[in-house]
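Per our numbering, the very first residue in the sequence shown carries number 9; after that it's consecutive. Working notes, beginning with the structure itself.
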Amino acid sequence: MFTGLVEDRGTVMSIELGVESAVIAISTVLAPKISKGDSVSVNGVCLTAIEVSGDGFSADVMIQTLRLTTLGSLKVSDSVNLELAAPSDGRLGGHIVQGHVDGVGEVALIQPEDKWTKFVVKVPGDLARYIVNQGSIAIDGVSLTVGEINDANNEVILWLIPETLAKTNLSRKSVADRVNIEVDILAKYVERLMKRGGDNVE
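Written out as structure tokens, the structure is:
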């Protein structure tokens with residue numbers, strides 16, 4: 009489990025494409041804290057470290073993951089948001105993030121303002137029902153609070169403070185860029201319970 013509080017912006021060092029998977033090597037200052045087999049959130053996708061060196065780690069990425077997330081479009085030298093798995097006795101500073109991407113959205117607007125930046129993301133229609141005003145959403149693994157949702161256009165309006173831009177790769181995004189989206193897991197559980205509540209289960 010993760011919290012959506014990015015710990016470092018890593019850099020993609022190499023990408024080795026195979027028939028059914030790829031191996032991505034990433035440099036990061038977090039390397040000394042990573043052990044082989046550890047889970048690491050990479051742009052919001054939970055990956056397992058298969059090799060660790062003094063300045064980075066490598067992870068296997070299945071073809072399905074490459075196809076369903078933005079990891080499939082990563083290039084060497086790209087910046088990625090990184091977070092280590094949350095310790096059981098740690099503080100939950102963001103929200104519960106599983107690292108299981110629900111879909112891919114597209115940046116629709118970036119508008120710098122006096123004390124923050126207006127950041128609008130168009131989300132897949134089937135995910136919009138899980139998003140509420142002042143609720144939580146993870147964009148490329150970054151825990152953010154929804155400022156407003158435009159149901160007519162399936163657009164989520166977010167307000168990014170300078171600290172968020174400084175510590176994540178959202179500062180490098182442009183309009184039309186694709187981003188990984190994970191909606192609040194609690195919303196999906198509630199929907200499931202409500203559906204099952206109407207079943208006549210013996």
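For every residue, glycine included, the Cβ atom is placed at its ideal position computed from N, Cα and C. Because the structure is a prediction, the values reported are computed rather than measured.
*Hey, would you say V112 sits closer than 8 Å to V164, going by beta carbons?*
No, the Cβ-Cβ distance between V112 and V164 is not below 8 Å.
*For V209, which residues from the same chain have a beta carbon less than 6 Å from its beta carbon, with the 5 sequence-adjacent residues on both sides left out?*
Since pLDDT at V209 reaches only 49, below the 50 mark, its modelled position is unreliable, and no value is offered.
*Is it the case that the Cβ atoms of S81 and I32 are separated by a distance below 8 Å?*
Contact flag unset, no.
_Quick check: the Cα distance between I145 and K41, rounded to an integer number of angstroms?_
Their Cα atoms are separated by approximately 26 Å.
*Report the residue from A116, L166 and V109 whose alpha carbon sits nearest the alpha carbon of Q142.*
Answer by Cα proximity: L166.
*Whole beta strand (DSSP E) elements within the stretch 162-197, 3-residue minimum*: Counting only runs of 3 or more, we get 163-168 and 186-191.
*asked:* Tell me the DSSP secondary structure of V209 in three-state form.
replied: At V209, the pLDDT of 49 sits below 50, so the modelled position is not reliable; the number obtained from the coordinates is stated separately. Looking at V209 - three-state DSSP - the assignment turns out to be coil, as it is neither helix nor strand.
*From the DSSP output, read off the bridge partner residues of S43.*
Bridge partners of S43: none, in fact.
*asked:* Which same chain residues end up closer than 6 Å to T125 when comparing Cβ atoms and leaving out the 5 residues on each side of it in sequence?
replied: Closer than 6 Å at Cβ, skipping near neighbours: L168.
*asked:* Using the three-state DSSP reduction, which class does Q106 fall into: helix, strand or coil?
replied: For Q106, the secondary structure class from DSSP, reduced to helix, strand or coil, is coil.
*In whole angstroms, what separates the C-alpha of S61 from that of I34?*
Approximately 10 Å between the Cα atoms of the pair.
*Rounded to a whole number of angstroms, what is the C-alpha to C-alpha distance between K83 and L25?*
When rounded, the distance between both Cα atoms is 12 Å.
_Alpha-carbon spacing of K175 relative to V14, whole angstroms_ = When the Cα atoms are used, K175 and V14 turn out to be separated by approximately 7 Å.
_With three or more C-beta pairs closer than 8 Å as the rule, is the stretch 148-163 touching the stretch 99-107?_
Inter-segment contact for the stretch 99-107 and the stretch 148-163 is present: three or more beta-carbon pairs are separated by less than 8 Å.
*With contact counted as at least three CB pairs below 8 Å, one residue from each stretch, are the stretch 81-100 and the stretch 47-59 in contact?*
In short, these stretches touch, since the Cβ pair count reaches three.
*So which of A116, M9, V154 and D159 has the shortest CA-CA distance to G133?*
Looking only at A116, M9, V154 and D159, the smallest Cα-Cα distance to G133 is reached by D159.
_Coarse secondary structure for A93, derived from DSSP in three states_ = In the three-state DSSP reduction, A93 falls in the coil class, being neither helix nor strand.
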